[in-house]
Structure formats: structure tokens, C-alpha cells
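Here the sequence shown stands for residues -18 to -1, 1 to 497, numbered as in mature numbering (1 follows the signal peptide of the UniProt record, and there is no 0).
Ideal Cβ placement from N, Cα and C applies to all residues, glycine included.
Beneath this line is the structure, given in C-alpha cells, with notes to follow.
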Amino acid sequence: MKLFSILAPLALASTVAAAPGWGDWHGGKPSCPTDNCLTQADADDIVSKFMSVLDHPDVSAANATAQALIADSFFEKSDSINMLAGHPVGSESFSGKAQYIQGVLLAPSITGINTNMILYASCNKVVWYWTFTGIGTKQIPINGINIFEINEQKQIADMYVEFNNIAWGKKERKKMLILKERDVFGLLSNLTVPECRRLLDSLHNMLREYSRTKHASPSDRTIHQPERDVIVTKLGNTTLFMPSSVTTSTGIKVVTISPTGGLKGAINLFSPDGTLLGVLNAAEVTAFRTSLAVMIPFVRYPHPKTNMLVFGAGRQAEWHIKLALLLSEGESAGAVKHVTVVNRTAPRGRMEQLFATLRQRYPDVTLDFLLKTDAEYDAKLQVAIKASDMICGCTPSTVPHFPARYLDHKPRYISLIGSYKPEMQEVDAETLLSGEYIYVDTEEGCLSEAGELIKANVQDHQLIELGELLGDKPFALDGNLVFKCVGLGIMDTVMAGELLQIAQEKGVGLVVDDF
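This is the structure in C-alpha cells:
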């Protein structure tokens, strides 16, 4: 997928601070303080094994090699890749051993790499200088340096790389691409688990960079997120203008929410020099990226997520369900097994089709619908809430969906994405404050826009941004995990870049050569 399928397996990052100084290599091997330092033979062996994993002619053998070679705490960084892929400079290009290995082995074999030099340095680092001619037109060689940091078990703990990405760019000139609603829906609906997890990592890395740099001076920021502008017309239409930049790409989403229902609009994505890279239908991207943000705490939630209760039956609710089931695939315990959708009317249109599709794909998952018009609605809702492990609010409600007394002391993951105005409220204050903290996508946005937080007089010290969560370890908590999301323009910009790359690889969309 995207650049990952060709370059990310090489990847690794740009932070030379982690690398040994050139002076360490000058005049022979470095001086090592212990007897456990790497030798040249160790360095040659590590690079040889790594290259065999990239090639993976025998996937089973390559997997065994990778499992032994890659450390559990593995991550990689590469600003060369971040610049090409439109990701925030300085962010991790990949994290997590299992996802990395799976991604490499599902990608095409990487061949055509010539080793120019292998060095061991600073006792626990290996430097691999390489030339790669197996991409693009294969006329311009791409030279790069990987820095492997090796742990005491002689496993790759982390990797850093830089290469001449201008050579890549000359061979991979991008054309303007238009993705219609059905194009975006098709691409997202056919995501595999590894592809979805890579999008999840990409989104989380962007949020980390946002949290890290938002208080920096404008000249030092890699993320630029101005406040959105809102226009409300006499006809009752609300139009949102959401600009953002991740340095390597700039985007703006313009969407209108009308009294007749639904969200319509488009996302424009530009290169750093202002070249229009693509235009995407915004409705599907908005629903997907918001639901994907909900999955960041979801995959780290330490308790079972067997019973999922969803308020709403629109696109947001649809993507919450699809992503929760997709990211639960392969879990032996705690996976989603029962989904209940609460709505005013019976399932119809897309939700009706979704239920039919999911019943075929997940025959062991029970899918139910609870109507608010049911004569026994309150009693049935109370039963459903008590049984729930995960509650998702996906409607612009102005009154809480349920009173806090319906909750018992059982821990739950409660996500709230429906309210985006001060007068809106999906849960009461007691439910909102039922966790140790409230996790949010943006402190400033939630404090000024989310009705639940405003009415509960929540202060910034009660909030933790998703971008402040490092690594991929599960949450350490006993009570409820509460997450509130109002959305950021950078979420659209990053997802738009990912989707344009996937569409180019799969030949989807309308290409415009002479825009």
C-alpha cells in the first residue's frame, strides 16, 4: 500500500541524533566499553537477514526470520518517506513489530538493492549504505543510508533512513486525481486489516505531531491547524471551511450541512508549491476519518469489547461498526460479537445493506436494531446499556441518549463524535466524567465546541489528547475510557493523501493531466 509497498520496508528515519557521528567511523572501528559490542560479522549478518525479509521469496521462512530479527518495541522513522507520502516531518513512519512484519510480507518483494557499505558503530548500531534501482523508470539510482539500532539480543530495536527522494520524485510525478463518492467508498470498504492498521498509525502519528508542535512558534511548526470558519445562511445551511497543512501537503475541506440532512462537500489537496494533487468527495472521508480516530483508543482498550452499542444509523455509525469488526478480526478474546444500533427508524438504505453484508462476512456476530418508537424502549435500552462494553454516540443530539444511572460499575469504552455545537449533548455530565480523564482529539476544539464539555464545565487539566499517547501499549485503567472527538482539518488532509496514493496504485479515479 502507498509508498510502504515499495519503500517503507526499507524505512526508517531521519533523525541523525540517534546516529553515531562520522568521527566515530573515521579511522577504524569504534571503541566499545563492553564485550557485548557488535562485530563486523554481526553487522553483515543483520543486514543480510533484513534483506532476505524484504525479498521474502518464501513468506513462511521470511516470517520466521523477521520474528527473530525484529524487537517487540520496534519502530521506524523516515522523513524522506514522510515528505513523499505527505506525512508530518519528524513523525514515525511505522511502529509495532506485528504490523510492520505483516505489512512487509504482504508487500511486493523488494529486489534490486545493491549494498555499498556495511559498518558497525557505537557498539549497538549498524549503518547500511545502499543503492536501489528497482523502482520507477529504473534509470536514476536512489542512494540511501539505514541506521539500525540493535538491542542486547541482537534484534533491530529501531531503524532510521534517509535517501535522495528527489530522484524518486522525478520518476513518480503525480497527476491531479478526482475521487467521487463511490470511488472513496470502494477504496475504504475493501481495506484489509494491515491496510487499515497502517491508516490508523498514520492518523495517530499526525495527531502526535499536532500535540507536540501546536505550541511552537509558527516558523517551527510542522502542523498548521487554523480555526475553522463557519457560515450559517438564511436558508439554515451551515457551511464549514477547514484548512490545514502538514508541511508536505496542504488541504482544505468545505462541507455543508443542510436542514434536509446529510453532509456534502469536497476536500482539495495541494503539494507544498500549490500544485493541486486531488479533489475528493468529503462525505465518506469525514465519516471514515472520525471513526478511525475512535479506533485509536479502541485498539488499546484493555477490557473486552464484546458488546457494542451504537446511537445513530448514518455514515458515522456505519464506519464505527465496520472498523470495530475489521480491527477485531483475528482476536481470540474480547472481539466484538454483538452490535446493537439505536435509532428512530428501522434500518434502511445503506444501513440495511450494511447489516446484510456484515451478516455474510461475520456469521458469528449478532446484529440487532433497537427502535426509539418501541413501546418498551426505555426498559430495552437499559438492558442493552448494562450489557454493553462499548458505547458509541454518533448523532447531533441535544439531549443525553441515556441517564448515567443506567451504567453500573462495569468498565466501558464510551466514544462521542456526534455533537459539534455548544447546544448539543450526547451524554450527561456524570457519564462524561465517569473516567479518570476525557481523551480528546483536540483540547481547544472540544472545550469550545463540544456541548457535553461546555455544560459540564470541563477544564483543560481534565483532558488528554490522543497525540499525547506514545507507543501502542494498552491503557492502564479500571474505570470507563471516555473519548470525545470534534474533528480536525489535518485529519482530512492526511487521509486525503493516503487515499490518493491508494487510488493511484489501484487505478481508481479520474486523472486530469492538464489542470
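| query | What's the C-alpha gap between V212 and T220? | reply | 7 Å
| According to DSSP, is A53 helix, strand or coil? | strand
| task | Take S379 and list the residues in its own chain whose beta-carbon comes closer than 8 Å to its own, dropping the five residues that flank it on each side. | result | F293, G400, S401, M406, Q407 and E408
| task | Might you give, ordered along the chain, the residues of its own chain that have their beta carbon closer than 7 Å to the beta carbon of R341, omitting 5 neighbours on each side? | result | L349
| How is V381 classed by DSSP in three states: helix, strand or coil? | coil
| query | Using 8 Å as the threshold, is the segment 457 to 470 in touch with the segment 280 to 288, meaning 3 or more CB pairs across them? | reply | With the cut-off at 8 Å, the segment 457 to 470 and the segment 280 to 288 touch.
| Got a sec? Which residues, its chain only, sit under 7 Å from A438 by beta carbon, not counting five neighbours each side? | A411, L414 and L415
| said: Give me the residue from G243, T204 and V214 with the minimum Cα distance to T232. | reply: T204
| task | Tell me whether G471 is buried or exposed, calling it buried when 16 or more other Cβ atoms sit within 10 Å of its Cβ. | result | buried
| message | Beta-carbon within less than 6 Å of C374's beta-carbon, same chain only, minus the 5 sequence neighbours each way: which residues are those? | response | V292, H302 and S397
| request: Let me know if D496 comes out buried or exposed under the rule of 16 or more other beta-carbons within 10 Å of its beta-carbon. | output: exposed
| query | If you draw a straight line from the alpha carbon of Y421 to that of E450, how long is it in whole angstroms? | reply | The alpha-carbon atoms of Y421 and E450 are separated by roughly 10 Å.
| query | Which of helix, strand or coil does DSSP assign to L451? | reply | Residue state for L451 is assigned as coil, using DSSP reduced to three classes.
| field | Under 8 Å between C-beta atoms of N133 and W112 | value | no
| What is the DSSP secondary structure of D390, reduced to helix, strand or coil? | coil
| message | Taking 8 Å as the limit between beta carbons, can you name the residues of its chain near K474, skipping five residues before and five after? | response | First, the amino acid is wrong: residue 474 is Asp here, not Lys. Counting only Cβ-Cβ distances below 8 Å, and skipping sequence neighbours, we find M224, S226, G233, K235, I249, A264, V267, T268 and R271.
| request: Could you spell out where the beta strand (DSSP E) holding T232 opens and where it closes? | output: T232 to I239
| query | Which partner residues does E58 have in the DSSP bridge list? | reply | F76 and M141
| message | Less than 8 Å between the C-beta atoms of L159 and G260, yes or no? | response | yes
| said: Using the Cβ count rule (16 or more neighbours within 10 Å means buried), how would you classify R297? | reply: buried
| field | Anticipated Cβ contact below 8 Å, M290 with V324, distance rounded | value | With a beta-carbon spacing of about 11 Å, M290 and V324 fall beyond the 8 Å limit used to define contacts.
| Pairwise C-alpha distance: E177 and Q483 | Note on geometry: alpha-carbon atoms of Q483 and E177 lie some 12 Å from one another.
| request: Determine the DSSP secondary structure at K11, reduced to helix, strand or coil. | output: Below a pLDDT of 50, predicted positions are generally treated as unreliable, and K11, at 43, falls in that range; no measurement from the model is reported.
| task | Give the range of the alpha helix (DSSP H) segment to which K437 is assigned. | result | G433 to K437
| request: Compute the Euclidean distance between the alpha carbons of E209 and A50, then round it to the nearest angstrom. | output: It is roughly 47 Å from the alpha-carbon of E209 to the alpha-carbon of A50.
| said: Below 8 Å, how does it come out for the segment 69 to 81 and the segment 180 to 197: are there three or more Cβ pairs, yes or no? | reply: yes
| task | Give me whichever residues DSSP pairs with A275 in a beta bridge. | result | According to DSSP, A275 bridges with nothing at all.
| field | Residues near I239 by beta carbon distance below 6 Å, same chain, minus five either side | value | T220 and L245
| Among the residues of its own chain, which have a CB less than 7 Å from the CB of Y419, if the five just before and after it don't count? | Q444, L445 and I446
| message | Taking the alpha-carbon of P241 as reference, which of T215, G126 and V228 has the nearest alpha-carbon? | response | When C-alpha distances from P241 are compared across T215, G126 and V228, the shortest belongs to T215.
| field | Length-filtered (3 minimum) beta strand (DSSP E) runs lying within the segment 297 to 375 | value | Here the runs fully enclosed are 320 to 325, 348 to 353 and 372 to 375.
| field | 8 Å Cβ shell around V494 - same chain, five flanking residues per side excluded | value | K157, M158, L159 and I160
| task | Using alpha carbons as the reference points, say which of S184, D26, Q84 and A386 lies closest to Y102. | result | Taking the Cα of Y102 as reference, the smallest distance to any Cα among S184, D26, Q84 and A386 is reached at D26.
| message | Whole angstroms are fine: how far does the CA of N18 sit from the CA of F465? | response | Between F465 and N18, the alpha-carbon positions lie close to 46 Å from each other.
| Comparing alpha-carbon positions, which option in D360, L262, T21 and G427 lies nearest K107? | T21
| Whole-Å CB distance - V381 paired with C428, under 8 Å assumed | Between V381 and C428 a beta carbon distance of about 19 Å is seen, past the 8 Å cut, so the two are scored as non-contacting.
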